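Numbering (full-length UniProt numbering), first residue to last: 1 to 287. Cβ atoms here follow ideal geometry from the backbone N, Cα and C, with glycine treated the same way. Source: prediction; values computed, not measured.
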């Protein structure tokens, strides 16, 4: 298969505990615990595949039982996995989260293997000769992200950036002046990158553009979302839904937006399709 999108970043197992009751610190409640393939880069790849794209994964997966099982599952999903770096001595990474009726309660991302292998995950790039969209997530180290931002191979690339979490948003600072990067963030992450809280998504998107970013898409839960681009600003409010899950919603939004643009959608239509995809995702009961 020939890829039409590269997804660079975390590929791991998600362990998600969900309960339909309101939770606080110290809560001990009944619910469901599931394990499934996850990680920001992988979530984007799986969603892009669902929208008809053919993603290739650039990440680190261990040569342990968990890694073999994960790669087999991804191959069955139609993802290109022979671009993965398989480590002989590092374990497959894992993410664990607890969600209640009131949203995400806590999460821990153990992406230490990805961080330790560094630029080894980029080795397939030269052989691929790729010129399509490249989704890049903030689980990579600050050093590697800074090198990618300055790497001539990425100077004209259609980079699509996801911070992975608010705690890693600052890792994407080197891309604020990149000439062709598109940043996907929520309002909190935008505020962290701008070092100041933002009143709403349109204002945050405009502020990111003013900092030199090529394009920015900012979401704010059920409130207005915005896309700022060289031609102007588009803002839309997502439709109201009953939220049953949150982990992976931003990745679904990003993948749907990329797929819409690859199919020729204009900025307004692409934003609308991405918001609808996220609404369907967060209101779904499936694991």
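query	result
By alpha-carbon positions, which one of 124, 153 and 60 ends up nearest to residue 116?	60
May I ask which residues mark the beginning and end of the beta strand (DSSP E) holding residue 85?	85-87
Out of curiosity, what's the CA-to-CA distance linking residue 278 and residue 43?	13 Å
Among the residues of its own chain, which have a CB less than 7 Å from the CB of residue 51, if the five just before and after it don't count?	255, 256 and 259
CA-CA distance, residue 283 and residue 243?	5 Å
Using a Cβ-Cβ cut-off of 6 Å (strictly less than) and excluding sequence neighbours within five positions of residue 23, which residues of its own chain qualify?	100 and 105
What first and last residue would you give for the alpha helix (DSSP H) that runs through residue 200?	Note, residue 200: premise wrong, no alpha helix (DSSP H); not H, not E.
Take the Cβ of residue 160 as the centre, count every other Cβ of all protein chains shown within 10 Å, and call the residue buried at 16 or more, exposed below.	buried
Measuring CB to CB, does residue 228 end up less than 8 Å from residue 237?	no
Do residue 176 and residue 213 come within 8 Å of each other at the CB atom, strictly closer than that value?	yes
Check whether the Cβ atoms of residue 48 and residue 5 sit closer than 8 Å, and answer yes or no.	yes
Can you tell me the Cα-Cα spacing of residue 270 and residue 111, whole angstroms?	31 Å
DSSP three-state call for residue 186: helix, strand or coil?	strand
Would you be able to state if there are at least three C-beta pairs under 8 Å between the segment 60-69 and the segment 20-36?	no
Decide if residue 274 is buried, meaning its Cβ has at least 16 other Cβ atoms within 10 Å, or exposed.	buried
Would you kindly check if the distance between the Cβ of residue 194 and the Cβ of residue 217 is under 8 Å?	no
If you run the structure through DSSP and keep just helix, strand and coil, what is residue 51?	coil
Please classify residue 28 as buried or exposed, where buried requires at least 16 other C-beta atoms within 10 Å of its C-beta.	exposed
In its own chain, which residues sit with a C-beta less than 7 Å from the C-beta of residue 94, not counting the 5 before and 5 after it?	12, 13, 15 and 110
Per DSSP, which residues does residue 215 bridge with? Please list them.	182
Taking residue 56 as the reference, give the member of 120, 34, 119 and 132 with the closest Cα.	132
Let me know if residue 150 comes out buried or exposed under the rule of 16 or more other beta-carbons within 10 Å of its beta-carbon.	exposed
With H, G and I counted as helix, E and B as strand and the rest as coil, what does DSSP make of residue 107?	strand
For residue 160, name the three-state secondary structure that DSSP assigns.	strand
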